[in-house]
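First residue of the sequence shown? That's 7 in the working numbering, and the numbers climb one at a time after it. Glycine included, each C-beta is placed from N, C-alpha and C at the ideal position.
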Amino acid sequence: MNMYNENFLVVEDDMQIRNFICYALKQANFQCVTALTAEEALSHLISQQIDVILLDLGLPDFDGLEIIKRVREWSDIPIIVVSARDQDREKAEALDLGADDYLTKPFSSTELMARIRVALRHLYKQNRDRQQQSSLVVGELRIELDKHLVYLEEKEIHVTPMEYNLLALLFKNIGKVLTTGYIINEIWGAGYGRDTQALRALMAGLRRKIERNPAKPRYIVTEIGVGYRMMDI
Ligand code: CA
Numbered sequence: 007m008n009m010y011n012e013n014f015l016v017v018e019d020d021m022q023i024r025n026f027i028c029y030a031l032k033q034a035n036f037q038c039v040t041a042l043t044a045e046e047a048l049s050h051l052i053s054q055q056i057d058v059i060l061l062d063l064g065l066p067d068f069d070g071l072e073i074i075k076r077v078r079e080w081s082d083i084p085i086i087v088v089s090a091r092d093q094d095r096e097k098a099e100a101l102d103l104g105a106d107d108y109l110t111k112p113f114s115s116t117e118l119m120a121r122i123r124v125a126l127r128h129l130y131k132q133n134r135d136r137q138q139q140s141s142l143v144v145g146e147l148r149i150e151l152d153k154h155l156v157y158l159e160e161k162e163i164h165v166t167p168m169e170y171n172l173l174a175l176l177f178k179n180i181g182k183v184l185t186t187g188y189i190i191n192e193i194w195g196a197g198y199g200r201d202t203q204a205l206r207a208l209m210a211g212l213r214r215k216i217e218r219n220p221a222k223p224r225y226i227v228t229e230i231g232v233g234y235r236m237m238d239i
């Protein structure tokens with residue numbers, strides 16, 4: 007089950023429950039990042055790669071439902087709501103906003119792990135579906151993954167290996183915002199630090215090749231303060 011050492015974000019202001027969840031996650035060899043407030047949760051979400059969110063709805067600063075709403079604007083990351091509120095209305099609202107599942111307090115670590123297994127199955131399936139394709143198309147842009155070739159309006163365009171890696175990464179996550187930190191780790195490796203200038207330069211070079219008007223990009227848009235998104239057009 008635990009294939010990639012997934013990173014969980016546990017958003018919960020109750021220390022006992024937070025510790026209980028993190029302990030259970032660590033026992034199963036998952037990583038656990040914690041946030042006590044919604045603001046803290048959002049700042050973790052833009053600065054690091056999170057695989058699954060466990061979210062309490064009653065937070066001290068603003069409602070957990072607001073986090074679901076915001077996250078769903080740019081990501082399909084699994085969200086499991088963890089809440090003391092067992093009212094159907096909040097539960098339905100959370101699911102309507104895009105939460106994947108719901109756990110009502112109190113719950114056992116067995117129940118917690120069962121929900122996590124379901125969430126991870128969804129996550130792996132999404133990734134597998136994308137990774138099994140050998141060619142990806144968006145608008146007039148096509149990328150042949152097994153041959154490492156890029157075509158624009160059926161004409162092959164020459165990209166550097168770094169530009170190719172950046173484009174393939176965004177393509178595989180089409181529609182989703184990738185944070186600057188995540189992209190840098192994927193392209194240069196984790197030891198490279200956060201050289202956003204190098205990424206900006208690489209992006210500018212790639213845009214000159216694939217965008218008709220690099221100042222008004224159609225394929226790869228900048229999400230200010232967060233990262234970049236390949237548009238699903
Ligand atoms: Ca709470």
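- With a beta-carbon spacing of about 12 Å, Thr43 and Asp20 fall beyond the 8 Å limit used to define contacts.
- Contact annotation, Gly104 with Arg76: C-beta distance approximately 10 Å; criterion of less than 8 Å not satisfied.
- The beta carbon of Gly70 sits closer than 8 Å to those of Val17, Ala44, Leu61, Asp62, Leu63, Gly64, Val87, Ser89 and Ala100, all from its chain and outside the five residues before and after it, given in chain order.
- A residue is called buried when at least 16 other Cβ atoms come within 10 angstroms of its Cβ; Tyr234 meets this threshold and is buried.
- Membership of Arg76 in the alpha helix (DSSP H) is indicated by the continuous run Gly70 to Arg78.
- In this chain, Thr43 is not harboured by any beta strand (DSSP E), its DSSP state being neither H nor E.
- Residue environment: Thr186 is assigned as buried (16 or more neighbouring CB atoms within 10 Å of its CB, all protein chains considered).
- A direct Cα-Cα distance of roughly 7 Å separates Glu217 from Arg224.
- The beta carbon of Leu129 is closer than 6 Å to those of Pro84 in its chain, skipping five residues each way along the sequence.
- Inter-residue distance for Asn25 and Met237 is about 39 Å (C-alpha atoms, whole angstroms).
- Ile190 has its alpha-carbon roughly 29 Å from the corresponding atom of Arg123.
- Take Gln37, set aside five residues on each side of it, and the residues of its chain with a beta-carbon closer than 8 Å to its own are Asn11, Glu12, Asn13, Phe14 and Leu31, in chain order.
- DSSP places Met21 outside any beta strand (DSSP E); the residue lies instead in the alpha helix (DSSP H), whose first and last residues are Met21 to Gln33.
- Following the DSSP letters along the chain, one finds Leu142 inside the beta strand (DSSP E) bounded by residues Ser141 to Val144.
- Exclusion of the five residues before and after Ala41 leaves Val17, Ala47 and His50 as the residues of its chain whose Cβ lies within less than 6 Å of its Cβ.
- Listed in chain order, the non-local C-beta contacts of Glu150 below 6 Å within the same chain comprise Ser141, local neighbours out to five positions each way being set aside.
- Rounded to the nearest angstrom, the gap between the Cα atoms of Val165 and Val156 is 8 Å.
- For Gly233, the uninterrupted beta strand (DSSP E) run begins and ends at Gly233 to Met236, by DSSP.
- Between ligand 1 and Ala105, a heavy atom-to-CB distance of less than 8 Å is absent.
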